[in-house]
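Chemist:
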Amino acid sequence: MTTAQARAALPNANLAGRSLAWTVRALIDTIPYVLGFASLFLVWHIVAVYVVASVLFPPPLTVFLHGIATLQDGTLEENIGISMQRIAIGFVAGSALGIPIGLVIGSFPLARKILEPWTEFLRFIPSVAMITIAVIWFGIGENSKIFLIIYTTVFIVILNSAAGVAAIAPNKIRAAQVLGARPWQVFIWVALPATVPYILTGMRIAMANSFTTIVAAEMVAANTGLGVMLWNGRMYMQIDDIFVSLVSLCLLGFTADRLFRIAIRQFAGRYDTTP
216 MTTAQARAAL
226 PNANLAGRSL
236 AWTVRALIDT
246 IPYVLGFASL
256 FLVWHIVAVY
266 VVASVLFPPP
276 LTVFLHGIAT
286 LQDGTLEENI
296 GISMQRIAIG
306 FVAGSALGIP
316 IGLVIGSFPL
326 ARKILEPWTE
336 FLRFIPSVAM
346 ITIAVIWFGI
356 GENSKIFLII
366 YTTVFIVILN
376 SAAGVAAIAP
386 NKIRAAQVLG
396 ARPWQVFIWV
406 ALPATVPYIL
416 TGMRIAMANS
426 FTTIVAAEMV
436 AANTGLGVML
446 WNGRMYMQID
456 DIFVSLVSLC
466 LLGFTADRLF
476 RIAIRQFAGR
486 YDTTP
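Numbering (my numbering), first residue to last: 216 to 490.
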């Protein structure tokens, strides 16, 4: 191989080395999660088989096989798809609404005095308590479920966004002002970047609450979804359906949270504060 060929091959070798290193690191990071899930299902199996030994608490293998059966007949896939669609729409809409409101509340004292009564009054009403109102206003269609997800998301994001603005070091703002920055420049180049970690934390918390709310909403007013699957399992004593729904919620929530963290590290790594 000539010197020129060796130099041309060097970037490819470096790229392959970085890819291999990244793959190894990803595998190493995955091992604790695999061990954690294995221990969880092992404890579940021991308790279900040797401690409780009741048809009301099936072991994980039974639940897994029933889950495969519901996937094959399309029931589980349909319920998961509709529930995740409702969560995604409501979560994105609630976050898009909550972030600017929180930033305005945290940045402008007059806006805070006007908007805080709204947020402090409404945020103490649980989203579950709003199910009846949502059904009355929007019916039992998709709008009522999406409204509830927005409701449970928006206040968490507002509070975290406002808290992020309040946590900005005053010296940063003073420094920008001394350098001639106008209020809108201080907001865009100082307040907004410093608030991003708080916004992302609020969105993660809101996402978890969205999973809780969608189940309650679907139990009351829906024809499909994991909440409906849970409710029907309870009504007809289909214990396997109940556990398949619960495990599906756990795995979907875990996956959604990890994907959210990966997206943060990929597109907003400098703001990542997650452990």
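In this text, a Cβ means the ideal position worked out from N, Cα and C, and glycines have one as well.
Helix, strand or coil: which one does DSSP assign to G282?
Modeler: Secondary structure of G282 (DSSP, three-state): helix.
Chemist: What residues in its chain sit with their C-beta under 7 Å from that of F475, if we drop five residues either side in the sequence?
Modeler: R419, M422
Chemist: My output table needs one value for R473: the three-state DSSP class, helix, strand or coil.
Modeler: helix
Chemist: Among F469, R480, I479, which has the Cα closest to the Cα of V249?
Modeler: F469
Chemist: If you reduce the DSSP assignment to three classes, tell me which class F339 lands in.
Modeler: Three-state result, F339: coil.
Chemist: Would V380 and T410 qualify as a contact pair, given that the criterion is a beta-carbon distance under 7 Å?
Modeler: Yes, the pair counts as a contact, with Cβ atoms nearer than the cut-off.
Chemist: Helix or strand or just coil, what does DSSP make of Y248?
Modeler: Note: Y248 maps to helix in three-state DSSP.
Chemist: How would you write the range of the alpha helix (DSSP H) that N386 sits in, first residue to last?
Modeler: 385-393
Chemist: Under 7 Å, do A370 and F362 count as touching if we go by C-beta distance?
Modeler: According to the sequence displayed, residue 370 carries Phe and not Ala. Their beta carbons are not under 7 Å apart, which means F370 does not touch F362 by this criterion.
Chemist: Beta-carbon within less than 6 Å of V307's beta-carbon, same chain only, minus the 5 sequence neighbours each way: which residues are those?
Modeler: none
Chemist: Are the CB atoms of P247 and W259 within a distance shorter than 7 Å?
Modeler: no
Chemist: Looking only at C-alpha atoms, which of R473, I364, I388, R389 sits nearest to A432?
Modeler: Residue I364 is the option with its Cα nearest to A432.
Chemist: Short of 6 Å in beta carbon distance, which residues of its chain neighbour N424, apart from the five on each side in sequence? Order them along the chain.
Modeler: T367
Chemist: Less than 8 Å between C-beta atoms, sequence neighbours within five positions excluded: which residues of the same chain meet that for Q220?
Modeler: Here the model assigns Q220 a pLDDT of 47, short of 50, so the residue's position is not dependable and the matter cannot be decided.
Chemist: For a quick check, are the C-beta atoms of E293 and L286 less than 7 Å apart?
Modeler: no
Chemist: Under three-state DSSP, which class holds N424?
Modeler: helix
Chemist: Taking 7 Å as the threshold (C-beta atoms), are S298 and G440 in contact?
Modeler: In this structure, S298 lies closer than 7 Å to G440 by Cβ.
Chemist: Decide if F458 is buried, meaning its Cβ has at least 16 other Cβ atoms within 10 Å, or exposed.
Modeler: buried
Chemist: Use the C-beta contact count for N375: other C-beta atoms within 10 angstroms, 16 or more gives buried, fewer gives exposed.
Modeler: buried
Chemist: Buried or exposed for V430, please, with buried defined as at least 16 other CB atoms from any protein chain shown within 10 angstroms of its CB.
Modeler: Answer is buried; the Cβ neighbour count reaches 16.
Chemist: Using the rule of at least 16 other Cβ atoms within 10 Å of the residue's Cβ for burial, across every protein chain shown, is Y413 buried or exposed?
Modeler: buried
Chemist: If distances are taken between C-alpha atoms only, which option among I454, V462, L415 comes closest to A478?
Modeler: L415
Chemist: Could you check if P324 is buried or exposed, using at least 16 other CB atoms within 10 Å of its CB as the buried criterion?
Modeler: exposed
Chemist: Taking the straight line between their C-alpha atoms, what separation do you get for V270 and M450?
Modeler: Linking V270 to M450 through their CA atoms gives a straight-line distance of about 16 Å.
Chemist: Return the first residue and the last residue of the alpha helix (DSSP H) that A303 is part of.
Modeler: 290-322
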